Ligand SMILES: Cc1cc2nc3c(=O)[nH]c(=O)nc-3n(C[C@H](O)[C@H](O)[C@H](O)COP(=O)(O)OP(=O)(O)OC[C@H]3O[C@@H](n4cnc5c(N)ncnc54)[C@H](O)[C@@H]3O)c2cc1C
Ligand code: SF4
């Protein structure tokens with residue numbers, strides 16, 4: 052196929068415009084570098100796409116997408132949610148090994164999954180980063196908490212993260228925006244938690260409440276999952292990419308990167324991408340390559356970048372590319388709390404999702420508990436906007452008329468749901484590799500997934516189940532059942548379904564045992580960096596995105612310093 056060769060040489064090419072790529076593209080551009088950002092998805096226009104101020108009545112189909120909602124063809128998080136990708140992408144399959152049930156949520160849009168992620172933003176702790184010293188499992192991080200904390204500070208100041216300070220060793224404090232008041236059901240959970248020794252504290256969300264440069268404070272419309280036109284909620288598109296484009300960043304959309312190219316000495320010198328509209332192949336030349344296409348996709352690009360110098364794929368001399376694949380352990384229970392029945396409908400407005408969460412409280416008790424790593428609790432409830440299909444169960448039971456209206460009004464706000472998000476220990480059965488038999492519609496070989504939970508994760512999930520039942524009981528409620536029956540039916544989340552997949556090109560202490568050094572830099576090519584979740588050597592219970600932002604910022608600063616010294 053003919054190759055369109057740009058000839059222009061960029062200081063850096065960044066692949067993927069999500070959390071990791073958006074951060075790198077912005078930081079490198081701010082340093083005065085000439086940067087090309089390649090994004091597989093299309094452009095994003097928030098004023099057209101984001102629906103946070105719409106009601107269902109604004110649409111003829113009332114948000115059912117003309118039946119798609121009920122037949123499973125609609126957007127994965129509902130019609131109103133902003134586009135961030137899906138579980139299945141037309142013509143872009145992945146495969147799973149026999150016995151593996153793995154779900155891979157992928158984005159194809161500027162901003163990636165950050166346009167609509169939950170914005171839970173928790174620092175990894177010193178305990179997380181040197182956990183092997185404590186229990187002998189997994190690996191320690193190649194850097195200390197203090198080294199990373201410098202970049203957590205930068206990321207939190209820039210992104211804006213709410214919270215309050217508590218000095219809890221498993222949940223380090225950060226640079227916080229003001230936290231909003233708890234919602235009514237959250238106060239009840241907090242009271243129940245006190246009886247059980249479970250601390251419910253202000254949630255840490257990537258939302259500005261005091262304002263930061265060029266972004267106004269949240270106005271509490273409560274619909275962050277639909278996108279946020281004021282960018283009060285962080286999205287890499289609005290907060291990193293668009294401002295950087297104004298400063299000279301070159302952004303190319305619909306650019307599906309296939310491989311990293313190397314020169315005659317084996318040194319990376321750019322990438323090849325397929326234009327998704329014209330199907331033409333293009334070559335971009337650059338002095339440094341930053342991969343940030345999301346954890347597994349970056350591993351895929353490395354594995355597909357074979358050459359005589361790198362017969363097993365680029366940066367894969369250790370054979371570790373694709374290995375160390377982890378997701379978050381998930382389990383949820385819902386409950387019904389009569390004490391919340393018929394509550395006056397006080398204003399429980401706020402930002403979308405919970406104002407409180409519970410950090411892991413059992414970090415001193417792992418030997419006694421019988422599982423090695425912890426989890427935090429996220430939870431929901433309150434007077435959220437009913438969605439199409441809400442209360443269909445009640446309608447089925449009670450039909451129509453006055454009685455059902457009374458029942459719905461009384462029960463509105465009395466349901467709660469608790470979800471555990473826990474750490475998985477990496478294992479040899481969980482990895483991705485290139486499937487030798489399948490290519491996508493661009494002709495690019497696809498990934499095949501292998502994944503197994505072990506006893507460590509199952510035991511942790513049983514502890515979640517017990518804790519949530521106790522909390523619901525202490526709230527005076529009764530357990531209704533699984534919170535997300537489809538993905539937790541076996542008593543633990545389907546691997547990948549929590550959408551915190553990380554690993555695949557991990558940082559480590561040596562070139563023999565890992566893919567990257569502590570600056571997310573390839574051991575084998577000094578001008579190659581992987582700055583998405585692939586770089587994480589472990590997956591603590593904390594949701595990964597804030598750490599991806601921090602690591603990507605750190606790697607970008609490092610490249611600039613090294614380039615000045617002539618080391619790259
Ligand atoms: C509904 C939902 C809720 C979530 N909630 C949270 C949360 O509360 N807290 C949290 O920390 N995390 C959360 N996450 C996870 C979070 O979104 C990811 O951790 C984060 O976006 C990862 O950043 P990334 O840069 O690695 O990948 P992404 O944000 O997915 O960005 C990758 C980008 O690369 C592009 N790309 C892919 N392949 C190629 C290619 N071959 N060539 C060029 N471009 C390519 C994609 O189109 C995409 O734009 C959530 C995710 C979802 C979907
Ligand atoms: S609640 Fe706040 S952060 Fe969320 S969409 Fe509304 S204004 Fe934006």
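Numbering (the working numbering), first residue to last: 52 to 619.
All C-beta atoms, glycine included, are put in the ideal place defined by N, C-alpha and C.
Remember, predicted model here, so these are calculated numbers, not experimental data.
Query raised in the report: Cβ of residue 271 versus every heavy atom of ligand 2: is any distance shorter than 7 Å?
Result: yes
Query - Heavy atom of ligand 2 within 7 Å of residue 283 beta-carbon - result: yes
Report task. Specify, as a first and last residue, the run of the alpha helix (DSSP H) that residue 119 falls within. Result -> 119–122
Report task. Just tell me which of 404, 57, 494, 520 has its CA closest to the CA of residue 388. Result -> 520
Requested in this report: Give the DSSP-derived three-state secondary structure of residue 503 in the structure shown.
Outcome: coil
Query raised in the report: Alpha carbon to alpha carbon, what distance is there between residue 248 and residue 127?
Result: 36 Å
Query raised in the report: Does the Cβ of residue 403 lie closer than 7 Å to at least one heavy atom of ligand 2?
Result: yes
Requested in this report: Report yes or no: do the region 219–235 and the region 599–615 share at least 3 C-beta pairs separated by less than 8 Å?
Outcome: no
Query - DSSP state of residue 91 mapped onto helix, strand, coil - result: coil
Query raised in the report: If you follow the alpha helix (DSSP H) that residue 471 is part of, which residue opens it and which one closes it?
Result: Note, residue 471: premise wrong, no alpha helix (DSSP H); beta strand (DSSP E) at 466–473.
Query raised in the report: Using the rule of at least 16 other Cβ atoms within 10 Å of the residue's Cβ for burial, across every protein chain shown, is residue 489 buried or exposed?
Result: exposed
Query raised in the report: Does the beta-carbon of residue 424 have 16 or more other beta-carbons within 10 angstroms, so that it is buried, or is it exposed?
Result: buried
**Report entry** CB contact flag (residue 390, residue 583, <8 Å)
**Finding:** no
Query raised in the report: With residue 76 and residue 65 assumed to form a contact (beta carbons below 8 Å), what rounded beta-carbon distance in angstroms separates them?
Result: 5 Å
Query raised in the report: From the DSSP output, which residues share a beta bridge with residue 430?
Result: 469
Query raised in the report: How long is the line joining the alpha carbons of residue 81 and residue 137, rounded to whole angstroms?
Result: 32 Å
Query raised in the report: Can we count residue 508 as close to ligand 2, meaning its CB is less than 7 Å from some heavy atom?
Result: no
Report task. Use the C-beta contact count for residue 557: other C-beta atoms within 10 angstroms, 16 or more gives buried, fewer gives exposed. Result -> buried
Requested in this report: Report yes or no: do the region 185–200 and the region 547–564 share at least 3 C-beta pairs separated by less than 8 Å?
Outcome: yes
Query - Boundaries (first-last residue) of the beta strand (DSSP E) holding residue 385 - result: 380–387
Query - Separation of residue 616 from residue 386, as counted between CA atoms - result: 59 Å
Query raised in the report: So which of 132, 514, 567, 54 has the shortest CA-CA distance to residue 411?
Result: 514
Query raised in the report: So, do the region 435–445 and the region 105–115 have three or more beta carbon pairs nearer to each other than 8 Å?
Result: yes
Query raised in the report: Per the contact definition of three or more C-beta pairs closer than 8 Å, is the region 573–593 in contact with the region 372–382?
Result: yes
Query - Contact with chain C by residue 173, beta-carbon distance below 8 Å - result: Going by chain labels, chain C is absent from the structure shown, which holds only one protein chain.
Query raised in the report: Whose CA, out of 494, 466, 362, lies closest to the CA of residue 331?
Result: 494
Report task. Could you pull out every residue in the same chain whose Cβ sits closer than 7 Å to the Cβ of residue 152, ignoring the five residues on either side in sequence? Result -> 545, 546
Query raised in the report: Going by the C-beta, is residue 531 closer than 7 Å to any heavy atom of ligand 1?
Result: no
**Report entry** Paired residues, beta bridge with residue 567 - DSSP
**Finding:** 558, 573
**Report entry** Same chain, Cβ closer than 6 Å to residue 417, neighbours up to 5 away in sequence not counted
**Finding:** 423
Query raised in the report: Expressed to the nearest angstrom, what Euclidean distance is found between the alpha-carbon atoms of residue 227 and residue 260?
Result: 10 Å
Requested in this report: Leaving aside the five residues before and after residue 295 along the sequence, list all residues of the same chain whose C-beta is less than 6 Å from its C-beta, in chain order.
Outcome: 76, 77, 80
Query raised in the report: Counting pairs of beta carbons, one from the region 86–93 and one from the region 353–369, are three or more of them closer than 8 Å?
Result: no
Query raised in the report: Since residue 473 contacts residue 414 with CB under 8 Å, what's their CB separation in whole angstroms?
Result: Rounded, the Cβ-Cβ distance is 12 Å, inconsistent with contact.
Requested in this report: With a threshold of 16 other CB atoms inside 10 Å of the CB of residue 379, please say whether the residue is buried or exposed.
Outcome: buried
Query raised in the report: For residue 355, which three-state DSSP category applies?
Result: helix
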